[in-house]
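Per this note's numbering, the very first residue in the sequence shown carries number -4; after that it's consecutive. Notes to accompany the following structure.
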Amino acid sequence: KGDKVLLYDSRLDKQWLGKLDKKWKGPFTVKKRLDKGSYILSNEFENLKESIHSDRLKLFRSRKS
-4 KGDKVLLYDS RLDKQWLGKL DKKWKGPFTV KKRLDKGSYI LSNEFENLKE SIHSDRLKLF
56 RSRKS
């Protein structure tokens, strides 16, 4: 809970939009862990309505400046 993650945009699997197109959205904050590896996420604007499986998430690491 509280970790920052990126969400994979699976809509882009069937489209080729170019090598440099962003396939990951975020960062999102983990609000709650559910059963079977699913999570409820939020960003600074809203809570996501559906649960997201961990297969579509990766840990967000901010760049050091």
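Think of the CB as a built atom: it goes at the ideal place given N, C-alpha and C, for glycine as much as any other residue. Quick caveat: nothing in here was measured; it's all calculated off a predicted structure.
One Cα belongs to Lys18, the other to Tyr3, and the distance between them is close to 6 Å. Rounded to the nearest angstrom, the Cβ distance from Lys(-1) to Phe55 is 4 Å, consistent with a contact under 8 Å. Leu1 and Leu52 have their C-alpha atoms roughly 6 Å apart. Within the same chain, Cβ atoms closer than 7 Å to the Cβ of Ser5 are found at Arg51, the five residues on either side in sequence being excluded. Relative to Phe40, the option among Phe23, Asp30, Tyr34 whose CA is nearest is Phe23.
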